[in-house]
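Residue numbers (our numbering), protein chains in the order written: chain A, 1 to 173; chain B, 1001 to 1228.
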């Protein structure tokens, strides 16, 4: 089979996941499309570097393309990456019931998350990837994946005011 | 478990990423602590709400076919090729520092996309043996990823009738070729056709860095390679 045919069969089925990630990271259709185009060309060019499952491999390329693009075009979006966010998760305010949450508000709240938390959340909740795959894609240790997800969900709940005002998570030991 | 560990463990448990022993420990804690159990249930609801209600963006139909360079990009490539060709003709008429010219020409040719990399890897332990097998010498391969220079891979090139190793790094959008061959040179930086060329020698090897990256950062990179 030619490389081209193999690429079509192995990589192209994951183009929706690729676009979804690019769309959530760039936050608009036009830029996501540009980044995806660039990423797919790179993927084809570096096809021989594919080892293991194609989806995390492709998403790692897309993720890198997105961050290069952000660095050039939206440097403010990734500045927060440099301010070392505390990675350890201390018990925060109690999260309230999320069942009836409004769809539009939820999407706005995810879009407003700092990019490293948005990335972790999208890869976990929308792509259903394992911590190991997310660690590989975002080039961070697995422990950081866990703390970023914990923080992403907490930030999300806070921004949707899905938290009770005062009481903290009570843990009796 | 410490309270902060328990808080984070709830997430790992929710994601099916907590090992069996810790899962049992957490389940026991939840059984004994209804508040903790309730926290977990609400976390699960939040996760379910995200999965159910967050937008999922499928790719536009044209992206589900084989990727092709866009028309604009194709024109840009054609222009660069024309400029490189004109530059080539021009420089053959004017004898100048020929090695720098040859290095820049190699860099430009490679950057056109035809042949940037023979072996793509960010792993020095992959690249070094690959190069050693194909050259009469063994070029050092430095990992500078922590310093912000991503190693893309390596290629073999001919410069001045000689086979040389070219390591390909990336700094932001800029590709940096690091040519390595046996020999010496005096440290120098020069500019040719908008590309910076920085040279130095170390351990009997001559290094030439070629890139459109700015002089300061190229100089930083040369320092790193010199001291790595």
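Beta carbons are placed, not taken as given, at the ideal position from N, Cα and C, and that holds for glycine.
In this text, all values refer to a predicted model and were calculated from it rather than measured experimentally.
is_contact[residue i, chain A] using C-beta, thresh 8 Å
i, result
"residue 1217 of chain B", "no"
"residue 1221 of chain B", "no"
"residue 1027 of chain B", "no"
"residue 1050 of chain B", "yes"
"residue 1054 of chain B", "yes"
"residue 1181 of chain B", "no"
"residue 1045 of chain B", "yes"
"residue 1011 of chain B", "yes"
"residue 1147 of chain B", "no"
"residue 1060 of chain B", "yes"
"residue 1042 of chain B", "yes"
Coil, strand or helix - residue i by DSSP
i, result
"residue 1186 of chain B", "coil"
"residue 46 of chain A", "coil"
"residue 1120 of chain B", "strand"
"residue 1150 of chain B", "strand"
"residue 102 of chain A", "coil"
"residue 118 of chain A", "helix"
"residue 1066 of chain B", "coil"
"residue 1170 of chain B", "strand"
"residue 1191 of chain B", "strand"
"residue 83 of chain A", "Note that residue 83 of chain A scores a pLDDT of 40, beneath 50, so its modelled location is shaky; the value from the coordinates is reported in the next line. DSSP places residue 83 of chain A in coil when its eight states are reduced to three."
"residue 134 of chain A", "helix"
"residue 110 of chain A", "helix"
"residue 161 of chain A", "coil"
"residue 1180 of chain B", "strand"
"residue 1040 of chain B", "helix"
"residue 1165 of chain B", "strand"
"residue 123 of chain A", "helix"
Proximity of residue i and residue j at Cβ, strictly below 8 Å
i, j, result
"residue 1232 of chain B", "residue 19 of chain A", "Only positions 1001 to 1228 of chain B appear in this structure, which leaves residue 1232 of chain B out of reach."
"residue 1039 of chain B", "residue 1010 of chain B", "yes"
"residue 150 of chain A", "residue 1049 of chain B", "no"
"residue 1171 of chain B", "residue 1217 of chain B", "yes"
"residue 1103 of chain B", "residue 1197 of chain B", "yes"
"residue 1151 of chain B", "residue 1157 of chain B", "no"
"residue 135 of chain A", "residue 119 of chain A", "no"
"residue 1223 of chain B", "residue 1100 of chain B", "no"
"residue 1206 of chain B", "residue 1185 of chain B", "yes"
beta-carbon residue i near the ligand NAD non-hydrogen atom, thresh 7 Å
i, result
"residue 1162 of chain B", "As presented, the structure is devoid of all ligands, the ligand NAD included, so that no description of it is given."
Contact set between residue i and chain B, taken where Cβ atoms lie within less than 9 Å
i, result
"residue 159 of chain A", "Within chain B, no residue comes near residue 159 of chain A; the closest Cβ sits about 12 Å away, beyond 9 Å."
Under 7 Å from the C-beta of residue i: neighbouring residues of chain B
i, result
"residue 108 of chain A", "The premise fails here: residue 108 of chain A is roughly 10 Å from chain B at the closest Cβ pair, so nothing lies under 7 Å."
Residue-level contact to chain B via CB, residue i, 8 Å cutoff
i, result
"residue 9 of chain A", "no"
"residue 48 of chain A", "yes"
"residue 77 of chain A", "no"
"residue 82 of chain A", "Legend: pLDDT at residue 82 of chain A = 43, less than 50; position of this residue unreliable, no value from coordinates given."
"residue 98 of chain A", "yes"
"residue 124 of chain A", "yes"
Interface residues of chain A facing residue i [CB-CB closer than 7 Å]
i, result
"residue 1236 of chain B", "There is no way to answer for residue 1236 of chain B, as the model of chain B reaches only from 1001 to 1228."
"residue 1064 of chain B", "12, 15"
"residue 1008 of chain B", "89, 146, 147, 150"
"residue 1157 of chain B", "Chain A residues near residue 1157 of chain B: none, gap ~18 Å exceeds 7 Å."
"residue 1057 of chain B", "19, 20, 23"
Residue i: contacting residues in chain A (beta-carbon distance under 9 Å)
i, result
"residue 1133 of chain B", "Residues of chain A passing the Cβ test: none, with the nearest at roughly 17 Å."
"residue 1120 of chain B", "45, 46, 48, 49"
Proximal chain B residues relative to residue i, where beta-carbon distance stays under 8 Å
i, result
"residue 103 of chain A", "1053"
"residue 6 of chain A", "Result: empty, since nearest Cβ-Cβ is about 11 Å, beyond 8 Å."
Listed by chain order, chain A residues near residue i by CB distance under 8 Å
i, result
"residue 1067 of chain B", "37, 40, 41, 43, 44"
"residue 1037 of chain B", "Within chain A, no residue comes near residue 1037 of chain B; the closest Cβ sits about 12 Å away, beyond 8 Å."
Inset, instruction - Taking only runs that begin and end inside the stretch 19-78 of chain A, name each unbroken alpha helix (DSSP H) of 4 or more residues, in chain order. - result: 29-45, 54-73
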